[in-house]
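Numbering (this note's numbering), first residue to last: 1071 to 1579.
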């Protein structure tokens, strides 16, 4: 039997054993005493206020069980603790004064300074100052909105752990993952699994391993993943994206893909400035440009790309220990520039080119590509072309400047301008060999399969024909002759073990 007791604007104080631990009634408009399953209880109605130490509970009505030190609160429930800075509200709550655990349900709001956590199911442990929610929750602060199916909030450290279908959103960024640690003061997010993030302008970041995001600095770190912009995708063991400056960085096992130009660069490090449209790859760096039916490989200590078609700029540069490889020619130089607007390659500092059985050298060389094949070369200063025929003889042409024409990827004609000299070997119908050695300021030589088929000279000519029995070894070489076939780049020498790394990357990502 319940005995009603009317209280109006009257303070009721209940004395308990171990009062600091007991939940006590501070105020209520109505109070009823009774029992439930043999357990004594107090039913409190209207403007209810319960107190336990520094903790205060407000609600519309409540049941207080003295023997188990438990309270059940209904309607506009709010629990506040000034010492722990706790402010928790909802429609319904079960609270244990002995364990300090509050189970808040429906329209739950946990407030901590400027951070609010919204859910319908929250269990809060006052001893550890930890809240656990399930069946969906949303945390909102001054910068981000975070959602997940489950999660923990740690009031003491002002941090949270979000689990299962996690989403972070702010005006500049969205992020999806399955597990995320978050600090509400620094606005730092850390994930340790599969993560996909997208910036406001469409740049995306992905990883299966881990991710760090600093919202205030608009700064991200990606581990063993990729960053994708409108023009590039960058892979690496560690990647950094600064969204405020549009600066991107990759380190260790880096791969950078250019979508528009079918170019992939590899190396230990990459630096990309989106605003300036510049990319630099260095240390163990090389790139591959896919062409129709072929690929061009360029290696150097440092590779740089500048792309701004509005300003007419679209070129690649390579510095120090440069090598290039293509099916129809290979080359080596100190530095190189590749203008993709007009398909022209410039090589500097005594470059070398190998084409079929020919070696080409000069102080600098300009290569013109047409239909993705070598079409013409312009040799500047100290020009030298050596072609080895089927009998292992070296046909040679040297001069101040040269223009070398190619047909189907093989030398077809060489124009010499200034200080021309040549040696070429001719065969008669019986196979006898004659060496033709001459000097002429300007000359033109025509080739067929590295054999000179025609020679045209201009101005004064100084030459002689030497039958094979009379040829002595010194006469077989022009001054400055160097056959450097051992320096000819190979595809394996350029790519190293990168193919294996690529296969592993594809498997992992």
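Ideal placement from N, C-alpha and C gives every residue a C-beta, glycine not left out.
These numbers were taken from a predicted model, which means no experiment stands behind them.
Going by C-alpha distance, which of the options is nearest residue i?
| i | options | result |
| --- | --- | --- |
| residue 1228 | 1243, 1251, 1217 and 1234 | 1251 |
| residue 1486 | 1526, 1539, 1243 and 1095 | 1526 |
| residue 1112 | 1136, 1126 and 1129 | 1136 |
| residue 1408 | 1424, 1151, 1389 and 1501 | 1389 |
| residue 1121 | 1102, 1105, 1098 and 1110 | 1098 |
| residue 1521 | 1482, 1453, 1500 and 1550 | 1482 |
| residue 1209 | 1557, 1231, 1448 and 1338 | 1231 |
| residue 1398 | 1426, 1367 and 1192 | 1426 |
| residue 1053 | 1178, 1222 and 1190 | A question about residue 1053 goes unanswered here, because the residues of the chain that appear run from 1071 up to 1579. |
| residue 1249 | 1224, 1218 and 1566 | 1218 |
| residue 1260 | 1226, 1384, 1216 and 1517 | 1216 |
| residue 1323 | 1333, 1346, 1315 and 1356 | 1356 |
| residue 1491 | 1452, 1497, 1333 and 1504 | 1452 |
| residue 1387 | 1305, 1348, 1267 and 1220 | 1348 |
| residue 1442 | 1450, 1339, 1234 and 1367 | 1367 |
| residue 1531 | 1512, 1160 and 1545 | 1512 |
| residue 1321 | 1391, 1541 and 1336 | 1336 |
| residue 1423 | 1480, 1518 and 1167 | 1480 |
| residue 1396 | 1437, 1253 and 1465 | 1437 |
Express the C-alpha separation of residue j and residue i in angstroms, rounding to a whole number.
| i | j | result |
| --- | --- | --- |
| residue 1330 | residue 1473 | 32 angstroms |
| residue 1284 | residue 1477 | 57 angstroms |
| residue 1275 | residue 1341 | 16 angstroms |
| residue 1133 | residue 1142 | 5 angstroms |
| residue 1554 | residue 1543 | 18 angstroms |
| residue 1461 | residue 1372 | 40 angstroms |
| residue 1181 | residue 1096 | 23 angstroms |
| residue 1454 | residue 1421 | 11 angstroms |
| residue 1270 | residue 1239 | 10 angstroms |
| residue 1561 | residue 1365 | 11 angstroms |
| residue 1091 | residue 1127 | 14 angstroms |
| residue 1074 | residue 1116 | A caution first: residue 1074 carries a pLDDT of 39, below 50, which makes its placement in the model unreliable, though a value can still be read off. Straight-line Cα distance between these residues: approximately 14 angstroms. |
| residue 1279 | residue 1139 | 46 angstroms |
| residue 1515 | residue 1334 | 39 angstroms |
| residue 1404 | residue 1383 | 22 angstroms |
| residue 1100 | residue 1109 | 20 angstroms |
| residue 1332 | residue 1467 | 37 angstroms |
| residue 1319 | residue 1359 | 22 angstroms |
| residue 1588 | residue 1469 | Outside the modelled stretch of the chain, which goes from 1071 to 1579, sits residue 1588, for which no answer is possible. |
| residue 1303 | residue 1200 | 41 angstroms |
| residue 1566 | residue 1193 | 57 angstroms |
| residue 1253 | residue 1295 | 23 angstroms |
| residue 1361 | residue 1350 | 22 angstroms |
Tell me which same chain residues have a C-beta within less than 6 angstroms of the C-beta of residue i, skipping the five on either side of it?
| i | result |
| --- | --- |
| residue 1153 | 1124 |
| residue 1393 | 1369, 1402, 1559 and 1564 |
| residue 1291 | 1282 and 1310 |
| residue 1213 | 1240, 1257 and 1285 |
| residue 1413 | 1439 |
| residue 1317 | 1343 |
| residue 1463 | 1495 |
| residue 1377 | 1347 and 1384 |
| residue 1312 | 1289 |
Kindly identify the DSSP beta-bridge partner or partners of residue i.
| i | result |
| --- | --- |
| residue 1466 | 1456 and 1493 |
| residue 1163 | 1143 and 1174 |
| residue 1201 | 1194 and 1223 |
| residue 1551 | The partner list for residue 1551 (beta bridge, DSSP) is empty, contrary to what the question assumes. |
| residue 1537 | 1504 |
| residue 1110 | 1105 |
| residue 1251 | 1231 and 1260 |
| residue 1393 | 1369 and 1402 |
| residue 1478 | According to DSSP, residue 1478 bridges with nothing at all. |
| residue 1327 | 1303 and 1334 |
| residue 1485 | 1473 and 1514 |
In the DSSP assignment, find the unbroken beta strand (DSSP E) run with residue i in it and report its ends.
| i | result |
| --- | --- |
| residue 1562 | Counting along the chain, residue 1562 falls outside any beta strand (DSSP E), though it belongs to the alpha helix (DSSP H) covering 1561-1565. |
| residue 1210 | 1207-1210 |
| residue 1278 | 1274-1284 |
| residue 1345 | No beta strand (DSSP E) contains residue 1345, which DSSP labels as neither H nor E. |
| residue 1168 | Taken as a continuous stretch (DSSP letters only), residue 1168 belongs to no beta strand (DSSP E), as it is neither H nor E. |
| residue 1130 | 1125-1135 |
| residue 1431 | 1428-1431 |
| residue 1094 | 1094-1097 |
| residue 1153 | Element bounds for residue 1153: n/a, residue is neither H nor E. |
I'd like to confirm something about residue i: is its beta-carbon nearer than 7 angstroms to some heavy atom of the ligand SAM, or not?
| i | result |
| --- | --- |
| residue 1437 | The model on display carries no ligand, and the ligand SAM is accordingly not part of it. |
Starting from the C-beta of residue i, find all residues in its chain whose C-beta is less than 8 angstroms away, skip the five residues before and the five after it, and write them out in chain order.
| i | result |
| --- | --- |
| residue 1196 | 1125, 1151, 1154, 1156, 1170, 1171 and 1172 |
| residue 1186 | 1179, 1180, 1209, 1210 and 1211 |
| residue 1575 | Low local confidence applies: a pLDDT of 45 at residue 1575 is under 50, so the model's placement there is unreliable, with the coordinate-based value given in what follows. Taken in chain order, the residues that qualify are 1305, 1323 and 1325. |
| residue 1338 | 1321, 1322, 1323, 1324, 1352, 1353, 1354 and 1355 |
| residue 1255 | 1228 |
Going by beta carbon distance, what residues of the same chain come within less than 7 angstroms of residue i, once the five residues before and after it are set aside?
| i | result |
| --- | --- |
| residue 1161 | 1145, 1147, 1175, 1176 and 1177 |
| residue 1300 | 1272 |
| residue 1541 | 1505 |
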